[in-house]
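Position 4, counted from 1, in the sequence shown is what the numbering used here calls 4; the numbers after and before it change by one each time, with no gaps. Glycine residues also receive a C-beta, built at the ideal position from the N, C-alpha and C atoms. Written below as structure tokens is the structure these notes are about.
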Amino acid sequence: MSRRTGFTLIEVLVVLVMLAVLAGTVAFNMSGSLKATKIRAASKDLVAALRYTRSQAVMKHEEQRLMINVTDKSYIAPGKPRVVLPEGMELKVFAAESEIPSEDTAGFRFFSDGSSTGGRVTLIYDERFWRINVAWLTGEIRLFKDTEI
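Okay, structure coming up:
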């Protein structure tokens with residue numbers, strides 16, 4: 001009696017189905033991870049722009065202002081090109097009344113001593129929230145991952 005070695009068709013099909021399920025699960029998890037990475041990167045870039053604006057105010061001994069356009073979902077720091085946020089990302093801005101020149105524009109002004117007009121920016125992307133707080137007294141800029149707006 002001779003025994004054949006190898007795999008049956010059923011065994012091969014079971015392995016292929018398991019690989020397909022595994023590949024689908026990995027792809028699904030990576031799409032959520034990509035969105036999380038996008039909002040985290042956009043938040044950190046905005047924090048860097050705010051800190052740059054503050055440092056320019058201190059170094060140049062003059063007021064500097066970062067402007068945010070909520071409609072265009074963009075911002076511009078002094079002497080830098082305009083930055084547009086990724087598609088589908090939303091912005092909510094809470095700023096001093098003196099720094100809201102129009103309905104769709106708000107700003108953060110930094111003074112030569114490092115202080116600011118203060119406020120908060122919330123970035124929203126696919127049920128993920130990141131909040132940036134700007135302290136008015138010290139001008140300190142902090143980033144927080146939020147679970148709600």
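| query | result |
| --- | --- |
| Sequence-distant residues of the same chain with beta carbon closer than 6 Å to Arg142, five excluded per side | Asn133 |
| Per-residue DSSP class, three states only, for Ala106 | strand |
| Limits of the beta strand (DSSP E) - the one that Trp130 falls within | Arg128 to Val134 |
| Separation of Val58 from Gly118, as counted between CA atoms | 16 Å |
| Rounded separation between Ile124 and Val83 - CA only | 16 Å |
| Bridge partners - Tyr75, DSSP secondary structure assignment | Ile68 and Val83 |
| The region 104-116 / the region 70-80 touching (three or more Cβ pairs under 8 Å) | yes |
| CB of His61 within 7 Å of CB of Ser115, strictly | no |
| For Glu87 and Gly146, the rounded distance between their alpha carbons | In the sequence under discussion, the amino acid at residue 146 is Asp, which differs from the Gly named in the question. C-alpha separation (whole angstroms): 20 Å. |
| Residue from Phe144, Glu99 and Thr122 whose Cα sits closest to the Cα of Trp136 | Glu99 |
| Nearest candidate by alpha-carbon position, reference Phe94, set Thr122, Phe110 and Pro78 | Thr122 |
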